[in-house]
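Chains as they are written, first to last, in the working numbering: chain A, 2 to 419; chain B, 6 to 70.
All residues carry an ideal CB built from backbone N, CA and C; glycine is no exception.
Since we're looking at a predicted model, the values are computed, not measured.
Below is the structure:
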């Protein structure tokens, strides 16, 4: 059976890559790309980083409308899919039916909001281009800013605000931020970047209410502290966008449940990106990623497999994400759920130490690596994890790299002395 | 074929290094070094993966005329 009609639901990175991969794989039939937002597909990582911190004129669109027209894609933007009938093989946009032979679901995740703040102006999540533009203009106006949640998005927003010279306070309910993403030890270390850069971070205290008449005026904490605010940015995580699939027969459990080929178990239907929970054969773990690399790669892999299910290939990866705070780059490869975290370079408690490397051990295997300003190191470790390197090999590699760096530093010193 | 880096776009994220380490390496300053530019047919697959994997779309394949 040849696939004639391809439908991709979700017009962000994974959806775009699905469309491009389908054409590259030689699919000549119709392709429809359905997106909830009115915008052409755009790049999200810059929205809380450079796009927010600097005054870029152009939104970070991946492609022009002309580029997409050249791919002969029917664009249905600003029209969220509202339902899926897997028996009749149609996607619903309201009462309209869009038939498919192969379907890639890439509806991503939506930012969680704080209940009770929906009616207040000046309270934003940061997920979409519109969010970023609104936050940017509030920062530009010098808004007193409170960031709720010291995860990656909240921290990036706080550093971008600091770059704009705006005073920021970050509120984090947990005693240590980023524990789920990086473990306790490194979560605390990374969080110290805020105090190193003059941003106030308050951990272990909740938000009792966000108040104001019409516009936000203050944030009240559970310990009674009142923080005046003109802008509140909420970074308390995302939830996979699956409500529209109710009753479709697609299995949902923290995202769409897929096998290692990104197949949902329903004929013709694959999933990709933040919405997909799949079995990652590289780490032998069920995972749902919320990062750029997985979205891009899964989008392409899901489309290729949807076009040729008989020859579907597993998609495996060593997960990777990065985050830019102040002028510091944080990078993580692998999986943070470890038995042991070992710092092999740098010392977060030393103010002069700016480069840190931590290895994550699961059993006898290297499972993850975190670097702060370790751009030259991180991808060598990704290679090691891909190869299934042992903990012993990883430590030996770290020792070798440290010795090499010491030699290099000594040589530089000699050269500058001579 | 040759692979090219657009250094105005590249921010040294390094995904290319993990996919095609014979071609790309990020240095201590976070800058990307192109270790070699000429791509043989046998190497095309990994270089294409690196190109597709680049979040800043900073890599390009230049086909010799």
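Does any C-beta atom of chain A lie closer than 7 Å to the C-beta of residue 31 of chain B?
Judged by the 7 Å Cβ criterion, residue 31 of chain B is in contact with chain A.
Bridge partners of residue 277 of chain A, per DSSP?
Beta-bridge pairing links residue 277 of chain A to A:257.
Is residue 376 of chain A close to chain B, meaning its C-beta is less than 7 Å from at least one C-beta of that chain?
Yes, because at least one Cβ of chain B sits closer than 7 Å to the Cβ of residue 376 of chain A.
Checking contacts by CB at 7 Å: is residue 53 of chain B closer than that to chain A?
Chain A contact via Cβ: absent.
What number of angstroms, rounded off, separates the C-alpha of residue 376 of chain A from the C-alpha of residue 53 of chain B?
In a straight line, the C-alpha of residue 376 of chain A is about 22 Å away from that of residue 53 of chain B.
Output needed in chain order: residues of the segment 384-410 of chain A with a Cβ under 7 Å from some Cβ in chain B.
Residues 384.
Of the residues A:406, A:129 and A:350, which one's Cα is nearest the Cα of residue 13 of chain A?
Nearest of A:406, A:129 and A:350 to residue 13 of chain A, Cα basis: A:129.
For residue 380 of chain A, would you say it is in contact with chain B, using Cβ-to-Cβ distances shorter than 7 Å as the test?
Yes, because at least one Cβ of chain B sits closer than 7 Å to the Cβ of residue 380 of chain A.
Counting C-beta neighbours from all protein chains within 10 Å, is the total for residue 415 of chain A 16 or more, i.e. buried, or is it exposed?
Burial call: exposed.
My output table needs one value for residue 59 of chain A: the three-state DSSP class, helix, strand or coil.
Here residue 59 of chain A sits in coil by DSSP.
If I follow the unbroken beta strand (DSSP E) through residue 86 of chain A, where does it start and stop?
First-last of the beta strand (DSSP E) with residue 86 of chain A: 84-86.
In chain B, which residues lie with their C-beta within 8 Å of the C-beta of residue 323 of chain A?
Neighbours of residue 323 of chain A on chain B, chain order: 18.
By Cβ distance below 8 Å, which residues in the same chain neighbour residue 117 of chain A in space, the five residues on each side in sequence not counted?
Hits under 8 Å: 210 and 211.
Let's see if you can read the secondary structure: which residues bound the beta strand (DSSP E) around residue 5 of chain A?
Where residue 5 of chain A is concerned, there is no enclosing beta strand (DSSP E), given that its DSSP letter is neither H nor E.
With the cut-off set at 7 Å, would you say residue 127 of chain A and residue 154 of chain A are in Cβ contact?
The answer is yes: Cβ separation under 7 Å.
Any idea what DSSP makes of residue 41 of chain B, helix, strand or coil?
If DSSP states are grouped into helix, strand and coil, residue 41 of chain B belongs with coil.
Could you check how far apart the C-beta atoms of residue 263 of chain A and residue 316 of chain A are, in whole angstroms? I think they sit under 8 Å.
That pair is a contact at about 6 Å.
Should residue 326 of chain A be flagged as near chain B, meaning a C-beta pair shorter than 7 Å?
Not an interface residue.
Mark residue 152 of chain A as exposed unless 16 or more other C-beta atoms lie within 10 angstroms of its C-beta, in which case mark it buried.
Residue 152 of chain A is buried by the Cβ-count criterion.
Just to confirm, are residue 236 of chain A and residue 109 of chain A a CB contact at a threshold of 7 Å?
Not a contact, by the Cβ cut-off of 7 Å.
Kindly list, in the order they appear in chain B, the residues whose Cβ is closer than 8 Å to that of residue 293 of chain A.
Here the neighbours are 60.
Only counting runs of 3 or more residues, tell me where the beta strand (DSSP E) segments fall wholly within the segment 284-321 of chain A, in order along the chain.
Those beta strand (DSSP E) runs which fall completely within the segment 284-321 of chain A and span 3+ residues are 286-289.
Which of the three DSSP states, helix, strand or coil, is assigned to residue 374 of chain A?
Residue 374 of chain A falls in the coil class under three-state DSSP.
Please return the same chain residues whose Cβ sits closer than 8 Å to the Cβ of residue 374 of chain A, not counting the five positions on each side in sequence.
The answer, listed in chain order, is 329, 330, 355, 356 and 357.
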